[in-house]
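A.B. asks: Taken in order, these protein sequences are the chains called A, B and C. Heads up: the first sequence begins at 1 in the numbering used here, then just goes up one per residue. Heads up: the second sequence begins at 1 in the numbering used here, then just goes up one per residue. Heads up: the third sequence begins at 1 in the numbering used here, then just goes up one per residue. Below is one structure. I have some questions about it.
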Amino acid sequence: MIAFWVLAPVMVIAALGILFVRKAVHAALLLAVVMISLAMLYAALEAPFLFAVQIIVYTGAIMMLFLFVLMLVGVDASDSVVETIRGQRVLAVVVGGIFAVLLGVIVGQAGIGTAVGLGAANEGGNIEGLAEVLFSQYVLAFEATAALLITAALGAMVLAHRERLVPRETQADRAAARVRAYGEHGDHLGPLAAPGVYARHNAVDTPALLPDGSPAEQSVPTVISNRGTGRPSPSYRDVDRVVGQLQSRRDDQDPATDTVVEGSGSAARGEDA
Amino acid sequence: MDDVTPFLVLSAILFSIGCVGVLTRRNAIVVFMCVELMLNASNLALVAFAKHHGNLEGQVAAFFVMVVAAAEVVVGLAIIMTIFRSRRSASVDDASLLKY
Amino acid sequence: MTLSSSTLLTSAAEGGHHSVPVVEAMSPDGVFSLLWLVIALPLAGAVVLLVGGRLTDRWGHWLGTATVTGSFVLSVVMFVQLLGRDDAERQIGQHLWDWFAVGDFQVGMDLLYDPLSALFLLLITGVSALIHLYSVGYMEHDPRRRRFFGYLNLFVAAMLMLVLAADYVGVFLGWEGVGLASYLLIGFWQHKPSAAAAAKKAFVINRVGDIGMSLAIMLMFVTFGTTAFAGVSAAAGEATESTMTAIGLLLLLGACGKSAQVPLQAWLLDAMEGPTPVSALIHAATMVTAGVYLVTRSNFVFENAPVAQTAVVVVACVTLLWGAVIGCAKDDIKKVLAGSTMSQIGYMMLAAGLGPAGYAFAIFHLVTHGFFKANMFLGAGSVMHGTGDDVNMRHYGALRKAMPVTFLTFAMGYLAIIGFPGFSGFWSKDKIIEAAVAENYLVGAAALLGAGVTAFYMTRLMLMTFFTKERWEPEVHPHESPKVMTVPLVVLAALSVLGGVLLLGDWVTTWLTPVVGEVEHHELPVPVIVLTGIVVVVVALGVGLAVLLVGRREVPREAPQDVSFVTRAARSDLYGDAINDGLVVRPGGVLVRGLVATDTRGVDGVVEGGAGLVGALSSVLRRTQNGYVRTYALSVLGGAVILVLAMVAVTW
């Protein structure tokens, strides 16, 4: 009973929340709350099997389905607050309220007496009891429902299927397209180098340097490059040092004899790298 | 407890909230969710009555409701997606041509 | 029909010191068994000519003339046979078949041949035959001549039915038949809107009279249980005087319609739109006399209703003066003759209203009038034929040299109508004036005045047409008409001259006694010869006035516009049309317009308004279909609430 009195307000508030939230994802989550609460109520009502099935099937599978479709449709999509049909909201609330009051009063007033309780029915275990009823009295309904499920799965497949309208691109097509793009727009022909090959720094705003020392634009996200907050690559220095070393070696070399003379390059000259 | 009436009242309340939600929300998927809410409310009533009458028929019925609801959700969401693909909108107000 | 010979029954007529004759006919034998053939011949002719269509065009007119001539021959033979019989055996009835029987009311198709019908038969078939012959020539250039003869034959058949019927319902059959034929013939030249309008006017005004006739027949049935002459005449003395007065007045209404008496006189002058043979036959000699026939035949009704008789006399006096005044101012030769007809029938009705003292003279005048009026109408037709179908007397003048035969025959008719001593009209009209004077001085004075005015306008007609100077239209070369037209003129002129022979030895009065009763002798205030002299003087005054006013002066070609009030009134038919318009046509129009407005706005308004309401309602309600699923879902929820409420309410 405590479970009931604790969960009932939660459920009602969550359900009301579904009516009022703007984002669809929030509504889905609130519905999940309602369903889990329901599962607990089933447990309180001596229906352990349903308690489990509710969580596994309903909350686990069906709500997930909802969320997937929400993702596909667009999480951002939110209803505007303004109601387009005149009087719809007011009338809906009024009529819905009347309905609630009506049902509640009828049900509350109906003197149905004390519950028999499922002690006797659950004697051999709830699942065994259910199985007994299910596979004897309701076996035809069971089979029919099975057929229904298969049909639903097929139906979903058919509905979600998209026909291929153009033939699939082969590798030769893709290679030809790449060469054409290079020829027309100067796009880079081959695959890009793996990350880290040309990188000079971990930071994302520091560009990688191509072999000839020029920074690669593709290595910086477009956002940062558009914003203009990119930093110059620090590796200019060690590239300069190596370039200097190479240069000094060449200088040390006698142009006539083509040998390296120690201490005549830029290092001997004391240039800092 | 001995009295299932509070459960029934709760079921009624949840059902009505689901009805209002179907009438008020414009996103097709949210409308569908409200329909699920209504189904759940009726499940609750069924299970409560199962306890009241002392047999498991109500629970079997609730079980079937769940199965059918699952099938329905599958197909319904597939339809919504298909419509969304062609119309790029998931609002129920779009289908308004059957009018005066 | 009983086989016993009829006797004059003295009925217990109120205050009747004369006996009202009862109709009790014998069965037909010998030539009388062919009585039905008299009607059947022209009827067959009409059917053949109208149904046969264009196939009969080439010989149709001869067939039409032949049928009527056949009827005439038969009438003569039967008349001769009837002459040879005793007074008591002169009523012959022929039962053709049982027409209809409703409960106790039985009507048979019965014919009655008695002295009255014999005279009428001779007049109708004889004059008809002559006019048919005349029409062969007159209508020669009309492409629809065959149809004309068909209609004429139809008319003759209906008129014969009228005078031969032995039952008021049979009379009514003939009554309606002649009305139909009159409509068809007045409007014969359908392409002329004036002719079509005139035909419609005649028919509608006659309808008013026909209502009177129908009501009289119905009243007779209610009172006597039968409408046969035999039954009504036998039981006439037993009904109350007010009932008989009512019947008499209603019959008078019917007679007014058919005979163009005031108040139903407006159609006669317009009826001159029809071809001249039609005017001669129908609107001079026969159809318009049907009213007089009705009054005479119903003498057993009128004898028991003195009030109705007085009404007849009053109507007749008014009409005879009315017609005479109109005739004085018309320039259309046919319209003058029509006014004259109206006036002369007034004389006949006057005589008929005087009771047994006048019935015989009414019929006598009817016969002589038939001769001279038909003569003059055909003469007018001849004049029109010679002047290119012009009816305006102002375009005539000095035609006596150009059309001598027409002039001479017309002159015979003229002398007869003014009552020149020796001619037929003199004998018949004088007798009527005598009877009128004997009855009442006022009535006598009216009749005398009428005679004077008649002399005036007829002389005016003669002077304008045959004397005075030529006033012909430029293209007109008047010439005499062909033999086929002049032969009938000569025959009729001879009859106009010699018609007075019927009065020889009071033959006509004794001939008709079995039908109309014994003529009682009234004492005249002055001797007969003095009265005759007064009449002749009055006539001479009328002639002299016309010579002075018309003959001596120049006749203008255009009718002068600044004339006295009387002339203007006479030119517009003494405002007869205006009175009808104001009293009947306009209120009728207002009523009809009101009814139409009620129908279009009221009745249609309710129906269409209902439809419109539904439409408006639907155009408001359709707005709930706004296409949004959510709205529909809301209504589903609403429905569910209602359902739950209903279920709870039921099981609470």
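Even glycine gets a Cβ: it sits at the ideal position worked out from N, Cα and C.
1) In its own chain, which residues sit with a C-beta less than 6 Å from the C-beta of M1(C), not counting the 5 before and 5 after it?
2) Along the region 606-636 of chain C, what residues have a CB closer than 8 Å to any CB found in chain A?
3) In whole angstroms, give me the CA-to-CA distance for Y182(A) and A176(A).
4) Out of G413(C), Y134(C), C328(C) and A445(C), which has the shortest C-alpha to C-alpha gap to R682(C)?
5) Cβ of P232(A) within 8 Å of Cβ of S219(A)?
6) Identify the continuous beta strand (DSSP E) that holds I92(C) and give its terminal residues.
7) Relative to the C-alpha of L154(A), which residue among V75(B), A95(B), S96(B) and I83(B) is closest?
8) Got a sec? Which residues, its chain only, sit under 6 Å from G270(A) by beta carbon, not counting five neighbours each side?
9) Of all Cβ atoms in chain A, is any one closer than 8 Å to the Cβ of V31(B)?
10) Could you give the distance in angstroms between the alpha-carbon of G225(C) and the alpha-carbon of T56(C)?
11) Grouping DSSP H, G and I as helix and E and B as strand, with all else coil, what is Y113(C)?
12) Starting from the Cα of D187(A), find the closest Cα among A156(A), E217(A) and A152(A) and give me that residue.
13) I'd like the span of the alpha helix (DSSP H) that includes M647(C), first residue to last.
14) Below 8 Å between beta carbons is the criterion; list the residues of the region 9-20 of chain B that meet it against any residue of chain C, in chain order.
15) Going along the chain, which residues of the region 89-116 of chain A sit with their C-beta nearer than 7 Å to a C-beta in chain B?
16) Which residue wins for smallest C-alpha separation from H132(C), given the options L116(C), D577(C), Y414(C) and V487(C)?
17) Quick one: using the 10 Å Cβ neighbour count with 16 as the cut-off for buried, is W5(A) buried or exposed?
18) With a threshold of 8 Å between beta-carbons, can K99(B) be considered close to chain A, or not?
19) With which residues is P215(A) paired in a DSSP beta bridge?
20) Tell me whether the region 340-354 of chain C and the region 278-293 of chain C touch, counting them as touching only if at least three CB pairs, one residue from each stretch, are closer than 8 Å.
21) Would you say A273(A) reaches chain B, if we count a Cβ-Cβ gap shorter than 8 Å as a contact?
22) For I62(A), count neighbouring Cβ atoms within 10 angstroms of its own Cβ and tell me buried if that reaches 16, exposed if not.
23) Taking only runs that begin and end inside the region 417-448 of chain C, name each unbroken alpha helix (DSSP H) of 4 or more residues, in chain order.
24) What three-state label does DSSP hand V166(A) in the structure shown?
25) Buried or exposed: F302(C), going by 16 or more other Cβ atoms within 10 Å of its Cβ?
26) What residues of chain B sit near T145(A), judged by a beta carbon separation below 7 Å?
27) According to DSSP, is M1(A) helix, strand or coil?
28) Going by C-alpha to C-alpha distance, which of N27(B), L46(B) and V4(B) sits closest to V69(A)?
29) Unbroken alpha helix (DSSP H) runs of length 4 or more, entirely within the region 195-265 of chain C: which are they?
30) Give a yes or no on whether the minimum CB-CB distance between I150(A) and chain C is below 8 Å.
31) Measure from the C-beta of I56(A) to each C-beta in chain B and report whether the shortest distance is under 8 Å.
32) What would DSSP say about S91(B), mapped onto helix, strand or coil?
33) Can you have a look at P21(C) and say buried or exposed, based on whether 16 or more other CB atoms are within 10 angstroms of its CB?
34) Confirm, please, whether the CB-CB distance from M139(C) to P275(C) is below 8 Å.
35) What residue range does the alpha helix (DSSP H) around A165(C) cover?
36) How long is the line joining the alpha carbons of L643(C) and A44(A), rounded to whole angstroms?
C.D. replies: Result, derived from the coordinates:
1) Counted from its first residue, the third sequence places residue 1(C) at position 1. Note that M1(C) scores a pLDDT of 38, beneath 50, so its modelled location is shaky and nothing firm can be said.
2) N626, Y628, R630, T631 and L634
3) As a first step, residue 182(A) must be located in the first sequence, where it is residue number 182. As a first step, residue 176(A) must be located in the first sequence, where it is residue number 176. Going by the C-alpha atoms only, they are around 10 Å apart.
4) No answer is possible for residue 682(C): it lies beyond the span of chain C, which begins at 1 and ends at 652.
5) Sequence index remark: in the first sequence, residue 232(A) carries index 232 (1-based). Sequence index remark: in the first sequence, residue 219(A) carries index 219 (1-based). In this structure, S219(A) does not lie closer than 8 Å to P232(A) by Cβ.
6) Taking the first residue of the third sequence as position 1, residue 92(C) is located at position 92. Element bounds for I92(C): I92 to V102.
7) As a working note, residue 154(A) is residue 154 in the first sequence. It is V75(B).
8) Locating residue 270(A) in the first sequence gives position 270, where the first residue counts as 1. For G270(A), the predicted model reports a pLDDT of 49, less than 50, meaning its position is unreliable and no value from the coordinates is stated.
9) The count along the second sequence starts at 1 and reaches residue 31(B) at position 31. By this cut-off, V31(B) is not an interface position.
10) On the third sequence, position 225 is the one that residue 225(C) refers to. On the third sequence, position 56 is the one that residue 56(C) refers to. Cα-Cα distance, rounded: 46 Å.
11) Against the third sequence, residue 113(C) aligns to sequence position 113. In this structure, Y113(C) counts as strand in the three-state DSSP scheme.
12) As a first step, residue 187(A) is located in the first sequence; it is residue number 187 there, counting from the start. Measuring from the Cα of D187(A), the nearest candidate turns out to be E217(A).
13) Counted from its first residue, the third sequence places residue 647(C) at position 647. Per DSSP, M647(C) belongs to the alpha helix (DSSP H) from V629 to T651.
14) C19
15) R89, A92, V93, G96, F99, A100, L103, G104, V107, G108, I112, T114, A115 and V116
16) One-based indexing of the third sequence puts residue 132(C) at position 132. Cα-wise, what sits closest to H132(C) is V487(C).
17) The residue given as residue 5(A) occupies position 5 in the first sequence. Per the 10 Å Cβ criterion, exposed.
18) Here residue 99(B) refers to the residue found at position 99 of the second sequence. It does not; no Cβ of chain A falls within 8 Å.
19) Reading the first sequence from its first residue, position 215 is the one you call residue 215(A). Paired residues: L209(A).
20) yes
21) By one-based count along the first sequence, residue 273(A) stands at place 273. The predicted position of A273(A) is uncertain, since its pLDDT is 43 and thus under 50; a value taken from the coordinates is nonetheless stated next. So no, A273(A) is outside the interface.
22) Within the first sequence, numbered from 1, the residue matching residue 62(A) stands at position 62. With 16 or more Cβ atoms within 10 Å of its Cβ, I62(A) is classed as buried.
23) 424-439
24) Along the first sequence, read from residue 1 onward, the residue named residue 166(A) stands at position 166. Coil.
25) Numbered from its first residue, the third sequence carries residue 302(C) at position 302. F302(C) is buried by the Cβ-count criterion.
26) What you label residue 145(A) is simply residue 145 of the first sequence in a count that begins at 1. Chain B residues near T145(A): F64, V67 and V68.
27) Counted from its first residue, the first sequence places residue 1(A) at position 1. DSSP places M1(A) in coil when its eight states are reduced to three.
28) Numbered from its first residue, the first sequence carries residue 69(A) at position 69. Nearest option by C-alpha distance: N27(B).
29) 229-235 and 241-259
30) Taking the first sequence and counting its residues from 1, one reaches residue 150(A) at position 150. No, no contact with chain C.
31) As a first step, residue 56(A) is located in the first sequence; it is residue number 56 there, counting from the start. With 8 Å as the cut-off, I56(A) does not count as an interface residue toward chain B.
32) Numbered from 1 along the second sequence, position 91 holds the residue referred to as residue 91(B). It is a strand residue.
33) As a first step, residue 21(C) must be located in the third sequence, where it is residue number 21. So P21(C) ends up on the buried side.
34) Mapped onto the third sequence, residue 275(C) falls at position 275. Mapped onto the third sequence, residue 139(C) falls at position 139. Yes, these two residues count as a Cβ contact at 8 Å.
35) In the third sequence, residue 165(C) corresponds to position 165, counting from 1. A165(C) -> no alpha helix (DSSP H), and no H or E assigned at all.
36) Mapped onto the third sequence, residue 643(C) falls at position 643. Mapped onto the first sequence, residue 44(A) falls at position 44. L643(C) and A44(A): Cα-Cα distance of roughly 33 Å.
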